[in-house]
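Trainee: Quick one: this structure, given as structure tokens, is what I'll be asking you about.
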């Protein structure tokens with residue numbers, strides 16, 4: 012029952028991104044291969060928590076409010092992804108290192124936006140729910156750390 016509610020929350024959060032993913036071929040380097048990090052972080056932080064419809068709507072509004080910021084950061088990272096690909100093809104270690112550093116800074120920006128969203132989500136929960144939310148925090152922190160490092164296991168990609 013709880014799992015189905017979490018799945019329905021995730022499905023309510025992701026409709027716009029799923030259409031974009033359906034239009035992008037999987038082999039494209041910029042294609043999304045899993046849930047966006049903010050959706051994954053919300054799922055992990057809310058694991059084991061039953062939400063009311065009001066809470067779901069509030070959480071969806073918070074995520075939607077942060078989505079434009081994430082799009083800006085993601086779009087700013089695209090040239091660096093292309094630069095990294097070109098540097099690897101040309102065996103240019105210095106350019107590849109520069110691009111990797113820039114990508115890591117971009118992923119750090121995404122992680123900061125995600126953390127802000129989670130900080131806004133916490134007050135919408137009851138005291139008991141906040142206890143579970145706080146218990147899930149180490150998992151979220153580990154996931155965001157892997158994401159910033161560029162580990163593909165961060166969101167199940």
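In the working numbering, the protein residues as written are 12 to 168.
Glycine included, every Cβ here is placed at the ideal spot set by N, Cα and C.
This one's a predicted model, so the numbers in the text were calculated from it and none came from an experiment.
So, helix, strand or coil for residue 62, using DSSP?
Mentor: The answer is coil: DSSP assigns residue 62 none of H, G, I, E or B.
Trainee: Does DSSP put residue 162 in a helix, a strand or coil?
Mentor: coil
Trainee: Checking 8 Å against the spacing of the C-beta atoms, do residue 151 and residue 124 come in under that value?
Mentor: no
Trainee: Checking 8 Å against the spacing of the C-beta atoms, do residue 130 and residue 59 come in under that value?
Mentor: no
Trainee: Is the beta carbon of residue 119 less than 8 Å from the beta carbon of residue 91?
Mentor: No. Outside cutoff.
Trainee: At which residues does the alpha helix (DSSP H) containing residue 114 begin and terminate?
Mentor: 104-132
Trainee: Using only CA atoms, which one of 116, 77, 46 lies nearest to residue 87?
Mentor: 116
Trainee: Would you call the region 46-60 in contact with the region 151-162, where contact means no fewer than 3 C-beta pairs closer than 8 Å?
Mentor: yes
Trainee: Between residue 135 and residue 66, which are expected to be in contact by the criterion C-beta below 8 Å, what is the C-beta distance as a whole number of angstroms?
Mentor: 5 Å
Trainee: On a CA-only basis, which of 154, 148, 45, 162 is nearest residue 111? Give me that one, please.
Mentor: 162
Trainee: Using C-beta distances below 7 Å, list every residue in its chain close to residue 80, excluding the 5 sequence neighbours before and after it, in chain order.
Mentor: 124
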